[in-house]
Amino acid sequence: EAQVTQNPRYLITVTGKKLTVTCSQNMNHEYMSWYRQDPGLGLRQIYYSMNVEVTDKGDVPEGYKVSRKEKRNFPLILESPSPNQTSLYFCASSLITGVETQYFGPGTRLLVL
Amino acid sequence: QKEVEQNSGPLSVPEGAIASLNCTYSDRGSQSFFWYRQYSGKSPELIMSIYSNGDKEDGRFTAQLNKASQYVSLLIRDSQPSDSATYLCAVKSGGSYIPTFGRGTSLIVHP
Chain A
6 EAQVTQNPRY
16 LITVTGKKLT
26 VTCSQNMNHE
36 YMSWYRQDPG
46 LGLRQIYYSM
56 NVEVTDKGDV
66 PEGYKVSRKE
76 KRNFPLILES
86 PSPNQTSLYF
96 CASSLITGVE
106 TQYFGPGTRL
116 LVL
Chain Z
310 QKEVEQNSGP
320 LSVPEGAIAS
330 LNCTYSDRGS
340 QSFFWYRQYS
350 GKSPELIMSI
360 YSNGDKEDGR
370 FTAQLNKASQ
380 YVSLLIRDSQ
390 PSDSATYLCA
400 VKSGGSYIPT
410 FGRGTSLIVH
420 P
């Protein structure tokens with residue numbers, strides 16, 4: 006089954022404790038992206054990647070890191086989480102043929118205390 | 310700055326009615342337009358895509374695109390309570406792989 010998976014789905018942590026949210030897709034998509042979604046603010050892009058070893062900042066990259074060492078994986082790293090990073094996070098992927106839509110993962114709900 | 314605007318709602322319609330959701334965008338070079346449905350706490354799922362002016366129908370859903378006026382709309386006929394969700398409009402410019410999302414419109418279909 007074609008899908009984007011994220012882990013963990015729910016996470017409660019404390020300020021400053023490094024964490025990684027994994028994202029994996031099995032559709033051989035070149036493009037992968039991370040979004041956060043907050044009430045009233047919609048989906049905001051954090052980082053995206055056009056292919057292996059190619060990443061770029063989205064609209065709200067501060068406090069986040071990403072890496073793309075393999076085509077299928079695109080982990081999101083919070084090296085020192087803060088309460089303002091409490092949010093719902095989505096990973097997405099797509100082909101880069103221009104009109105392809107994105108497929109979203111199930112989401113990771115993060116609470117930083 | 311590319312912008313995609315949607316009325317946040319909520320838009321409340323009775324069961325069986327037509328729900329009309331609207332989206333305007335700022336970039337005249339936009340070429341690909343998408344409507345996603347998102348249930349509370351769930352991930353967005355694509356319901357319609359449209360690339361040329363006019364109407365595109367898929368079951369109870371019709372997407373309408375008017376590039377001259379820079380708007381795209383989604384009509385939901387025979388609305389059902391299960392259609393209650395937030396609807397996100399997304400727009401991609403020609404040559405861009407990165408969509409711009411609107412903030413979404415909340416739709417409530419009441420019995």
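Residue numbers (our numbering), protein chains in the order written: chain A, 6 to 118; chain Z, 310 to 420.
We treat Cβ as the ideally placed atom computed from N, Cα and C, and that holds for glycine.
It should be emphasised that the depicted structure is a prediction, and the values quoted were computed from it without experimental measurement.
Interface residues of chain A facing residue i [CB-CB closer than 9 Å]
i	result
R412(Z)	G45, L46, G47, L48
L397(Z)	G47, L48
F343(Z)	T106, Q107
Closer than 9 Å at the beta carbon, the chain Z residues around residue i
i	result
I101(A)	Y406
F95(A)	S352, P353
G112(A)	G350, K351, S352
Residues bridged to residue i (per DSSP)
i	result
I17(A)	L116(A)
L330(Z)	L383(Z)
D336(Z)	D336(Z) pairs with nothing; no bridge assigned.
Pair within 8 Å by beta-carbon distance, residue i and residue j
i	j	result
G318(Z)	S415(Z)	yes
S98(A)	Q42(A)	no
S339(Z)	V400(Z)	yes
R346(Z)	Y396(Z)	yes
Q11(A)	C96(A)	yes
G47(A)	F410(Z)	yes
S388(Z)	G325(Z)	yes
V117(A)	T27(A)	no
Interface residues of chain Z facing residue i [CB-CB closer than 8 Å]
i	result
M55(A)	Y406
Y52(A)	Near Y52(A) there are no residues of chain Z at all, since even the closest Cβ is about 11 Å away, more than 8 Å.
Interface partners of residue i on chain A, CB under 7 Å
i	result
P353(Z)	F109
S358(Z)	T106
Per-residue contacts from residue i into chain Z (C-beta, under 7 Å)
i	result
Y36(A)	Y406
Expected contact under 8 Å - CB spacing of residue i and residue j to nearest Å
i	j	result
Y53(A)	D61(A)	6 Å
K365(Z)	I356(Z)	About 11 Å separates the two Cβ atoms, so there is no contact after all.
M55(A)	E35(A)	6 Å
R14(A)	P111(A)	6 Å
R73(A)	E84(A)	At roughly 17 Å, the Cβ-Cβ gap does not stay under 8 Å, so R73(A) and E84(A) are not in contact.
M32(A)	Y94(A)	Actually they are not in contact, since the Cβ atoms of M32(A) and Y94(A) sit about 20 Å apart, beyond 8 Å.
Worksheet item: Is the region 82-95 of chain A touching the region 377-386 of chain Z, taking contact as three or more C-beta pairs under 8 Å?
Response: No, they do not touch.
Item to complete: Pair every Cβ in the region 74-89 of chain A with every Cβ in the region 320-338 of chain Z, then say whether three or more of these pairs are closer than 8 Å.
Response: The answer is no - the region 320-338 of chain Z does not touch the region 74-89 of chain A, with fewer than three Cβ pairs under 8 Å.
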